[in-house]
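Here the structure is laid out as structure tokens; the discussion comes afterwards.
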Amino acid sequence: PKTSQARQRAFSEENMPFVVPETVKCGQCQKSVYAAEEVKACGGSFHKICFKCSDCKKPLDSTNVTAHQEKIYCKNCYAKNFGPGGFRGGSGGTAIHAVAENAPVPPVNAGNSSADALTQAGILAAQQAKAAEEQ
């Protein structure tokens, strides 16, 4: 009985010379990641085999990885899921929204680009069409 108590005291946590450090967890599978297999990106660590898009599962590298809400995506899936909508990334329908909300249209200035002038002209035409419908 005396030896077992002495042994318990000798191997208690406070007498242990070595403390096992916390290991880093993979951002995808939540298992331990060791230095030999670690890929660091977007503020997290990942296994090499886990470093793939959360959506399409395509392998990622430092040039095409993007993070959103603690998940990693390739640039294509990120743009598809979280990017701006509309034609070629445009906001789409801004002239219609401006007319629907009766937003004032700023005057066309000579210093504005031709694209700005065309947009403003389109908004004015839409407002005039709406006014004609109401009459």
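For any residue, its number in the numbering used here is found by taking its place in the sequence shown, counting from 1, and adding 291.
Note that beta-carbon positions come from the ideal geometry of N, C-alpha and C, so glycine has one too.
> How about S323 and E329: are their beta carbons less than 8 Å apart?
Replying inline: For the 8 Å CB-CB criterion, S323 and E329 do not form a contact.
> Just how far apart, CA to CA, sit A370 and E361?
Replying inline: 16 Å
> Taking buried to mean at least 16 other C-beta atoms within 10 Å of its own C-beta, is G334 buried or exposed?
Replying inline: exposed
>> For a quick check, are the C-beta atoms of C368 and C341 less than 8 Å apart?
In response: no
> F342 lies in the beta strand (DSSP E); which residues open and close that run?
Replying inline: It is not in any beta strand (DSSP E) - F342 carries neither H nor E in the DSSP assignment.
> When the Cα atoms are used, what is the spatial distance from G418 to A358?
Replying inline: In the sequence as displayed, the identity of residue 418 is Gln instead of Gly. So the two alpha carbons sit approximately 41 Å from each other.
>> Within the continuous alpha helix (DSSP H) that includes C365, where are the two ends?
In response: No alpha helix (DSSP H) holds C365; the beta strand (DSSP E) holding it covers 362-365.
>> One question on the structure: do V356 and A327 come within less than 8 Å of each other, judged by their Cβ atoms?
In response: no
> C347: buried (16+ other C-beta within 10 angstroms of its C-beta) or exposed?
Replying inline: Classification for C347: exposed.
> Under 8 Å, do C320 and H338 count as touching if we go by C-beta distance?
Replying inline: yes
> Along the chain, where does the beta strand (DSSP E) that runs through E329 open and close?
Replying inline: 329-332
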